[in-house]
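Chemist: With the working numbering as the guide, the letters of the sequence shown map in order to residues 9 to 110.
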Amino acid sequence: MSSWGVPDPVAFVRSNWQLHARIARISPNELLRSIYLSLLDVVEVHTVSVQPSLEMLLDECIRSRLDLHRDVVEVVGRADAPEARRLIKEHAVAGESARLVG
């Protein structure tokens with residue numbers, strides 16, 4: 009746990025991938041689901057640390073990602089497709105705030 013009460017960065021990233029895998033498993037697109045889950049497996053095996061980008065402190069990055077993922081889970085749960093698309097776009101842009109080191 010970091011000084012701000014944010015989880016260990018590698019543990020956070022691994023939990024994040026578990027969430028992504030759960031969301032992927034509900035996709036009706038079998039091909040994309042299979043490819044995405046395979047890519048997650050490869051990335052997870054080769055990641056040894058997480059480093060902040062130049063724009064954001066790591067704790068701040070993790071807190072931001074936690075908030076965004078909470079929102080994604082909420083809109084998926086209520087089947088709000090327009091809001092889910094908006095958050096997915098935000099997710100793609102926000103994902104550039106940390107880098108994985110393998």
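Beta carbons: idealized from backbone N, C-alpha and C, even for Gly.
1. According to the Cβ coordinates, are L48 and H28 closer than 8 Å?
2. Less than 8 Å between the C-beta atoms of E52 and R22, yes or no?
3. Thinking C-alpha only, which one of I96, K97, P17 is nearest V56?
4. On the DSSP letters alone, give me the boundaries of the alpha helix (DSSP H) that S35 sits inside.
5. With a cut-off of 8 Å on the beta carbons, I'd call L95 and D79 a contact; round off their distance for me.
6. Which same chain residues, not among the five before or five after R41, have their C-beta less than 6 Å away from its C-beta?
7. Assign I70 to buried or exposed, taking buried as 16 or more other Cβ atoms, counted over all protein chains shown, within 10 Å of its Cβ.
Modeler: Reading off the structure:
1. Contact: yes.
2. Their beta carbons are under 8 Å apart, which means E52 touches R22 by this criterion.
3. The option with the nearest alpha carbon to V56 is P17.
4. Taken as a continuous stretch (DSSP letters only), S35 belongs to no alpha helix (DSSP H), as it is neither H nor E.
5. The pair is a contact, with the Cβ atoms about 6 Å apart (cut-off 8 Å).
6. Here the set comprises A32, S35.
7. The residue in question, I70, is buried, as its Cβ has 16 or more Cβ neighbours within 10 Å.
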